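Protein chains in written order, with the numbering used here: chain A, 1 to 411; chain B, 1001 to 1150.
What follows is a set of notes on a single structure, which appears directly below.
Here's what the structure looks like:
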């Protein structure tokens, strides 16, 4: 199947916007993605015609809203090939999803002296919840180091996994773009008697995801990075684990019964969804995965590989030693996230100059300060692509970088 | 839209390329404070030597270390020049005046602050048109205040 990528681009109204007579060049999708008309309209239509509480009222539009909400859960489950929609727990975002796992599973299963294995390329969302558990419960942390080109150094993995209770790692680095060998890592964890937790927040929006093929125990991701609205994300977990876990927060919707002397929990997933959820956002999340399915994730990945190759080659050929793009050069093991250093110009200043030409990139530590320290930098500039980007965006980035040289010269 | 020339004035780039009073002072006798901009990862350390001269506390020496963008680094460099050799009371007035320049409301501004000259620091006025960068410009000044209070 060939995809009309110009038509895909036209699905995103914000990309029609011009500032100072120039088009928007959005290269910050690793941060958050733009939204297609299909998602915007699905949310609008739901609010105009069917908005109602879910799971608690007998009238027709409430039943309809509940059905649409659960339909979104099913769509999300299908998108990652989860065995059952009941294994999808809606959260606020991937950060809350990781906190849920660390607090609920970790709180019930980890004791002082138990070890959790992380990697040097994790986002703060997959570091700080474990640090918090280290402080409150006395668990210990171990780290998988990186190779020189920014891949996981798995040479010593079995020794690192020895005695570990959980291995929590990213499927794709938000700084380096590195795609990790998830199935192999899950398998190694299982052989060591550890559960595997996959931070798939950067991976799911850009790749075919199959949590069963991975052999993972948990995976987390977020709607706003995959064409859906902000305010909703998900935990997928194996039912056996979710079922045995204590609730995360308490309140309405998550109970089977409440008495003066205690309560009993509702079954999964309601057990982890206390309070009124982001209903319209769930509808938007469902619409987003249906939109991505309509294009096909194999095609999205192929498009981004082609664009990433073009970006790496264009920037390296044009700027040579003046640019350092972090992470692996092999696009088979990297996604469309490109963190770079350019002519000793601070990333904040690069971003400011690029903004003159409406080129939107992230500048900063990308919520990965341990990795920044490892790279020996305080910050990087990061361009990241998605299905709506094309070569003109990369050319515009390359041209705009020249403007930084004009102002700062050779420092 | 404000142009980049409002932000990257020549004097700012000069302080960025050739920062004044870079380095460290031995602690003690100097005091120091560390400042972070959690958004971008910039870090700055301000070292101050405060000595009594004729019964008045004076910032006798100042050094700045750390890393950051052109705005945070040039602001730190200009700040170090502006406060070196000044009485602490005058330095505090300068901090208030600078924050005023950055459109940050200062509760305890005194009438006397009006006369504090900003000198080269006026060049940073353009930062106000780029609100995201105000935090860059004020990082060194907030760190200076921490060092004075320590």
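For every residue, glycine included, the Cβ atom is placed at its ideal position computed from N, Cα and C.
Predicted, not measured: the structure shown is a model, and the values here were computed from it.
Helix, strand or coil for residue 1134/B per DSSP?
helix
Using a Cβ-Cβ cut-off of 7 Å, state whether residue 379/A counts as contacting chain B.
yes
Three-state secondary structure assigned by DSSP to residue 61/A:
helix
So what does DSSP say about residue 1017/B, is it helix, strand or coil?
helix
In the DSSP output, what is residue 259/A paired with across the bridge?
262/A
Leaving out five residues on either side along the sequence, give the residues of the same chain with a beta carbon under 8 Å from the beta carbon of residue 1072/B.
1037, 1042, 1044, 1136, 1137, 1139 and 1140
Do you know offhand how far residue 1099/B's Cα is from residue 1122/B's?
12 Å
Quick check on the DSSP output: what are the complete beta strand (DSSP E) runs of length 3 or more inside the stretch 166 to 254 of chain A, in order along the chain?
195 to 199, 218 to 222 and 233 to 237
For residue 1024/B, does the three-state DSSP call read helix, strand or coil?
coil
Those residues which DSSP pairs with residue 91/A across a bridge
233/A
Closest Cβ-Cβ distance between residue 1041/B and chain A: below 7 Å?
yes
Find the residues of chain A that neighbour residue 1067/B, judging by a C-beta separation of less than 9 Å, and give them in chain order.
346, 377, 378 and 379
Buried or exposed: residue 212/A, going by 16 or more other Cβ atoms within 10 Å of its Cβ?
exposed
Apply the 10 Å Cβ neighbour rule to residue 169/A and answer buried if 16 or more other Cβ atoms are within range, or exposed otherwise.
buried
Flag this pair as touching only if the stretch 372 to 390 of chain A and the stretch 320 to 338 of chain A have three or more C-beta atom pairs under 8 Å; answer yes or no.
yes
When burial is assigned at 16 or more other CB atoms within 10 Å of the CB, is residue 73/A buried or exposed?
buried
Quick one: list the residues of chain B neighbouring residue 372/A, beta-carbon separation under 7 Å, in chain order.
1041
Less than 7 Å between CB atoms is the rule here; does residue 1121/B satisfy it with respect to chain A?
no
Please compile the residues from chain B whose C-beta is within a distance smaller than 8 Å of the C-beta of residue 364/A.
1039, 1040 and 1041
Out of curiosity, what's the CA-to-CA distance linking residue 411/A and residue 1016/B?
In this prediction, residue 411/A has a pLDDT of 47, which is less than 50 and means its spatial position is unreliable; nothing more can be read from the coordinates.
Please confirm if residue 1070/B has its CB atom under 7 Å from at least one CB of chain A.
yes
Neighbour flag for residue 1148/B against chain A, beta carbons, 7 Å:
no
Is the stretch 311 to 320 of chain A close to the stretch 392 to 404 of chain A, with three or more CB pairs under 8 Å?
yes
I need the DSSP call for residue 1085/B, collapsed to helix, strand or coil.
coil
Could you give the first and the last residue of the continuous alpha helix (DSSP H) run that contains residue 134/A?
128 to 137
Selected residue, minimal CA-CA separation from residue 285/A, among 145/A, 329/A and 222/A
222/A
Please go through the stretch 296 to 326 of chain A and give each complete alpha helix (DSSP H) segment of 4 or more residues, from N-terminal end onward.
297 to 319
DSSP three-state assignment for residue 411/A, whether helix, strand or coil
Low confidence applies to residue 411/A: its pLDDT is 47, below 50, so where it sits in the model is not reliable enough to give any reading.
Is residue 199/A near residue 220/A, with beta carbons less than 7 Å apart?
yes
Beta-carbon proximity list for residue 62/A, same chain, < 8 Å, skipping 5 on both sides
52, 53, 54 and 56
Neighbour list for residue 399/A in chain B, Cβ cutoff strictly below 7 Å:
What residue 399/A touches in chain B: nothing, since even the nearest Cβ is about 16 Å away.
Which of the three DSSP states is assigned to residue 347/A in this structure?
helix
By DSSP, does residue 32/A sit in helix, in strand, or in coil?
coil
Our contact map puts residue 349/A next to residue 1040/B with C-beta atoms below 8 Å; I'd like the distance itself, whole angstroms only.
Incorrect: roughly 11 Å between the Cβ atoms, too far for contact.
Applying a beta-carbon distance threshold of less than 9 Å, which residues of chain B neighbour residue 413/A?
This structure gives no information on residue 413/A, because the portion of chain A shown stretches from 1 to 411.
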